[in-house]
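In the UniProt record's numbering, the protein residues as written are 1 to 86.
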């Protein structure tokens, strides 16, 4: 009876993440909660002109790894992250 519900795609929640490079640049990126940090780096790269492999994203002393999702890191809408250039 509710078989169609199981096959329905999960509703993706769009979030906005704010990345601050502490050199005066703040980048706002819209992405999905199930995007990986690697995906986020590509979106940041598109806005900043910096290659994704040269970008490091962290919060305090935790450097975020490319293959982990934003959801797994508990990154939510409006959250601020630190942006560094390697």
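Think of the CB as a built atom: it goes at the ideal place given N, C-alpha and C, for glycine as much as any other residue.
| Is the number of C-beta pairs between the stretch 49 to 63 and the stretch 22 to 34 that are closer than 8 Å three or more? | Taking 8 Å as the limit for Cβ pairs, the verdict is that the stretch 22 to 34 does not touch the stretch 49 to 63.
| What whole-angstrom Cβ distance do residue 67 and residue 15 have, given they're in contact under 8 Å? | With 8 Å as the limit, residue 67 and residue 15 do not qualify as a contact, their Cβ atoms being about 19 Å apart.
| Counting along the chain, where does the beta strand (DSSP E) carrying residue 26 start and finish? | Where residue 26 is concerned, the enclosing beta strand (DSSP E) starts and stops at 26 to 32.
| query | Should residue 50 and residue 84 be called a contact, given that it needs their Cβ atoms to be closer than 8 Å? | reply | Taking 8 Å as the cut-off, the Cβ atoms of residue 50 and residue 84 do not count as close.
| message | Buried or exposed, going by whether 16 or more other CB atoms sit within 10 Å of the CB of residue 70? | response | Buried: at least 16 other Cβ atoms inside 10 Å.
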